[in-house]
Amino acid sequence: MSGARSLMVALEKEGVDIAFGLPGGANLPIYDELYKSNIRHILARHEQSAAHMADGFGRVSRRPGVCFATSGPGATNIVTGIATAQADSAPMVAITGQVPLKMIGKDAFQESDIIGISNPIVKYAFQPTSATEIPEVVKKAFYISSTGRPGPVLIDIPKDVQQNEAEIPFPSEVKIRGYHPWVDPDITQIERAIDMLLSAERPIILAGGGVIISGAFAEIQSIAELLMIPVVTTFKGKGSFPENHPLSLGPIGMHGHAEANKMMTEADCVLAAGSRFSDRSVGTFEEFEKRLKIIHMDVDPAEIGKNQTTTVAIVGDVKASLRIMVKMLVQKAIRRNGDYPWVKRMKETKDYYRENLKLHDHPLAAAKVLRKLREVLPHQSIVTTEVGQHQMWASLFFDVIHPGTFFSSTGLGTMGWGFPAAIGAKAAKPGVPVVDIAGEGSFNMTENSLAVSVLDNLPVIVFIMNNFSLGMVAQWQRTFYDRRMMAIDLKNCPDYVKIAQAYGAQGIRAQSLDEVGNAVKTALKSDVATVIDIPIDPQEDVLPFVAPGTPLTDMILPS
């Protein structure tokens, strides 16, 4: 069979039933075989969006999403999507066409060195040079992408390798020299961690994205309840712990909850599960660890001690590590009651900020709009976000109740990610409502994916908090640049209701809280995509706010 045919067979053997992409000259043999295969192909309108769709599919299904692109600009267009997946540890296999082997390095038409370009932003990049290599490469790619710390893998296939025919072997298993994901944790280290948590007066759990990736929701909740430990999350970890739980404090960091940041600064010991201690989460590294003993639990040994000094390191799968910890606590019959001083302090802190934190006074203030969305939206709904003020307002005011239903571009902060990722999420779980919390600046970047949502029968809801500007840039210009407003005014263009209608979607403008609620209810019943345009106050800032380069203790609160 041909190399392209062997690719389809290999993908089907890996359980691939949906792929996202765009055809071009260098990957036409692949698309000719896609035509004959059982894989559903979803035609993106831009290769970057195809990568984001595969990313969203991968995060929700927890198996690698697949995207296709041609050579040259097709391949370079997916780079941002690959980098986004790498930054957020999302499983993805990106397959690009390449010019024929004999033309590589000769500046051929639509040639780019995508292996060299992508190497810093993938777990691994392959370029098979014969048709016989393709099945083994595919199996390796899926294994690398989905094991250990997940991430994107690139397969770049020259056109003649796609076309050549050969007797093709299909391996049942592969071995990869030098790649041995560390999954089983050290029980001795877990015992040390338990002793440290029990001896601490003010312990806290920091749940990161690794809790969501490993599906360790029940385990993190069990530990919190057994030891009565308050739980904060990173922004990527939002949704790892129910935010209506009495022990939940919500996300910490630059745009974290005031009570979460406050309690984090008072803690004396932290169990950090699947968190990389990003600067956006902890503020200044030196200040964060001053008073803290840190238990760091992560599947990636490279993260241990990278940003923060670790007292106890537990390398291994987060779910496996937490499960062992729960078993050891149960065996020792260790359980705290809810009356000890640290829990009392948590309740006092939450009550204080609930009563004293002033919210923006506007009929369609961010808190009111997002709480209305939460009120109407079923708890099991999947929510993605774009990148900007609306994203941070979602961190503050949209409570995630059902674990593992909230996704955002957190590491790279990629504008335009949320909408195509929502389409990928809908492809993974077609029976679940999917909402993209958006700002108009970010939505502008990939709004042409409305065609994909409509034509491929993947109806998602786009919830635009429209302040007619690049809101986060505007906030920083107001705060740090003496209100020198430059290049942020989007001038109420375009009309998003008409844009939606032009694509065959449903467009609704909601200008009151009641209209917001009714619009969401209408969208939930719709069999086509719905864009809800909500005009909000352009002057509203995201607060609380921790300025870059400052510790969590220096929160800027609304006045």
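The opening residue of the sequence shown carries number 1172 in this note's numbering; numbering runs sequentially from there. Built from N, CA and C at the ideal position, the CB exists for glycine as well. These numbers were taken from a predicted model, which means no experiment stands behind them.
CA nearest to the CA of residue i, picked from the options
i       : options                               : result
Leu1397 : Phe1568, Met1496, Thr1480 and Glu1437 : Met1496
Ile1632 : Met1643, Gln1502 and Ala1676          : Ala1676
Pro1306 : Thr1693, Lys1184 and Asp1712          : Lys1184
Gln1560 : Thr1405, Ile1400 and Trp1647          : Trp1647
Val1547 : Tyr1524, Thr1693 and Ile1213          : Thr1693
Asp1712 : His1533, Gln1672, Phe1406 and Val1293 : His1533
Lys1696 : Pro1549, Thr1556 and Met1643          : Pro1549
Leu1661 : Asp1627, Val1691, Pro1706 and Ala1700 : Pro1706
Ser1552 : Ser1620, Val1702 and Asp1607          : Asp1607
Lys1503 : Val1644, Pro1321, Ile1365 and Ile1285 : Ile1365
Leu1493 : Val1354, Glu1457 and Glu1526          : Val1354
Gly1584 : Gln1257, Ser1620 and Lys1273          : Gln1257
His1223 : Tyr1206, Asn1248, Tyr1524 and Glu1282 : Asn1248
Pro1591 : Gly1610, Thr1581 and Glu1557          : Glu1557
Glu1457 : Asp1471, Ala1444 and Lys1477          : Lys1477
Asp1698 : Lys1597, Leu1714 and Asn1663          : Lys1597
Gly1610 : Val1644, Ser1343 and Pro1342          : Val1644
Phe1280 : Ala1197, Gly1322 and Ser1208          : Ala1197
Asp1471 : Glu1437, Arg1230, Ile1266 and Pro1321 : Pro1321
Pro1512 : Glu1437, Thr1359 and Ser1343          : Glu1437
For residue j and residue i, believed in contact at Cβ under 8 Å, the rounded distance
i       : j       : result
Val1489 : Ala1389 : Not really, about 12 Å apart at Cβ, beyond 8 Å.
Val1309 : Leu1178 : 7 Å
Leu1193 : Gly1245 : 6 Å
Gly1589 : Ser1566 : At roughly 14 Å, the Cβ-Cβ gap does not stay under 8 Å, so Gly1589 and Ser1566 are not in contact.
Val1514 : Met1399 : 5 Å
Ile1423 : Ser1452 : 6 Å
Ile1347 : Lys1311 : 6 Å
Met1499 : Glu1362 : 7 Å
Ala1444 : Ile1391 : 6 Å
Ala1681 : Ala1690 : 4 Å
Ile1275 : Ile1328 : Actually they do not touch by this definition, with Cβ atoms about 12 Å apart.
Sub-8 Å separation of residue i and residue j beta-carbons
i       : j       : result
Ile1466 : Thr1480 : no
Phe1651 : Pro1709 : no
Gly1381 : Asp1469 : yes
Val1486 : Pro1356 : yes
Asp1439 : Ala1484 : no
His1426 : Met1563 : yes
Phe1297 : Ile1326 : yes
Lys1734 : Val1264 : Nothing can be reported for residue 1734: it is not among the residues displayed for the chain, which extend from 1172 to 1730.
Ala1254 : Cys1238 : no
Ser1446 : Leu1377 : yes
Val1571 : Phe1577 : yes
Ser1411 : Pro1574 : yes
Gly1319 : Ser1242 : no
Ile1635 : Asp1704 : yes
Phe1191 : Gly1595 : yes
Thr1581 : Ser1220 : no
Pro1722 : Phe1406 : no
Val1231 : Lys1600 : yes
Neighbour-count burial assignment, residue i, 16 or more Cβ in a 10 Å radius
i       : result
Asn1432 : buried
Asp1666 : exposed
Lys1529 : exposed
His1217 : buried
Gly1720 : exposed
Ser1730 : exposed
Met1656 : exposed
Phe1228 : buried
Lys1277 : exposed
Gly1349 : exposed
Tyr1118 : With the chain covering 1172 to 1730 only, the question about residue 1118 has no answer from this structure.
Ser1287 : Ser is not the amino acid found at residue 1287; the sequence shown has Gly there. That one is exposed.
Cβ neighbours of residue i in the same chain (closer than 7 Å, five flanking residues each side left out)
i       : result
Val1187 : Ile1210 and Val1237
Ser1732 : Within the shown structure, residues of the chain are numbered from 1172 to 1730, placing residue 1732 beyond reach of any answer.
Ala1622 : Arg1216 and Tyr1674
Gly1454 : Val1717, Thr1721, Pro1722 and Leu1723
8 Å CB neighbourhood of residue i in its chain, flanking five on each side removed
i       : result
Ser1173 : Pro1200, Glu1204, Ala1302, Gln1333, Gln1334, Asn1335 and Glu1336
Lys1521 : Leu1420 and Glu1430
Ala1538 : Leu1530, His1531, Trp1564, Leu1567 and Phe1568
Met1434 : Ile1375, Pro1401, Val1403, Leu1420, Arg1516, Met1517 and Thr1520
Leu1442 : Ala1364, Leu1368, Pro1374, Ile1375, Ile1376, Leu1377, Ile1394, Ile1400, Ile1466 and Met1468
Lys1669 : Gly1678
Ile1505 : Ile1365, Leu1369, Leu1397 and Leu1398
Lys1273 : Asp1331
Residues near residue i by beta carbon distance below 6 Å, same chain, minus five either side
i       : result
Ile1316 : The question names Ile, yet the displayed sequence has Ser at residue 1316. If we look at Ser1316 and ignore the five residues flanking it on each side, its Cβ neighbours are Pro1235, Pro1262, Val1264 and Val1324.
Val1524 : The sequence given here places Tyr at residue 1524; Val does not occur at that position. Result list for Tyr1524: Ala1429 and Glu1430, in chain order.
Ala1181 : Pro1306 and Val1309
Ile1189 : Arg1211 and Ala1598
Arg1507 : Leu1398 and Met1399
Arg1233 : none
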